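Structure record follows, encoded as C-alpha cells.
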Amino acid sequence: MSFGGLKNLLAKAAIEGVTEARARIFGHILNPTGKRSAHKLLRKKLIGEKVASWYPYDIRKDDPLVMARKEQERLNRLEMLKRRGKGPPKKGQGKRAKKSGR
C-alpha cells in the first residue's frame with residue numbers, strides 16, 4: 566500500500582521540478598500558492614510616452630509673451646468686473662462673513 570503513496574510523492578516532486586525548470590528557462594514567475602500578485606501589471610509596457618504623444622505640444626507654457634498677454638487679459642477682465650460691482654469681495658466680506666454677522 567505504501568508504494569502508491571511513494572509513487573505519488575515521486576511524481577509530485579518530478580512535476581514540481583519540471584515546473585521550476587520551465588519557469589527558469591522561459592522566464593516565468595512561479596506561483597505555487599496561487600495567491601494574487603502584481604506581476605501581470607508590472608510586466609506590461611509603460612504607455613506614458615505614447616499617451617503624451619497623442620496631444621500636441623503647447624507653446625503657451627514656454628512663451629513668456631503669450632503668458633503675459635493671458636495674464637493681462639485676466640487683469641483687464643477683473644478690472645471690468647470690479648467697475649460693474651461684480652468682482653470678488655474684499656477679504657473678510659464674503660457670504661460666510663455676512664451670515665455670521667461679523
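Counted the way our numbering counts, the sequence shown spans residues 566 to 667.
Cβ atoms here follow ideal geometry from the backbone N, Cα and C, with glycine treated the same way.
Predicted, not measured: the structure shown is a model, and the values here were computed from it.
{"Query": "Note the first and the last residue of the continuous alpha helix (DSSP H) segment covering N596.", "Result": "No alpha helix (DSSP H) holds N596; DSSP gives it neither H nor E."}
{"Query": "Return the residue from the list E585, I590 and N641 that minimises the CA-CA distance to P597.", "Result": "E585"}
{"Query": "Under 8 angstroms, do V616 and I624 count as touching if we go by C-beta distance?", "Result": "no"}
{"Query": "Taking Cβ to Cβ, would you say I594 is nearer than 8 angstroms to A588?", "Result": "yes"}
{"Query": "Residue range of the alpha helix (DSSP H) that A617 falls in?", "Result": "G613 to S618"}
{"Query": "With hydrogens ignored, establish whether the beta-carbon of E638 is closer than 7 angstroms to any heavy atom of the ligand ZN.", "Result": "Among the components of this structure there are no ligands whatsoever, and the ligand ZN is therefore not found."}
{"Query": "Can you list, in chain order, the residues of its chain whose CB lies under 7 angstroms from that of P654, leaving out five sequence neighbours each side?", "Result": "none"}
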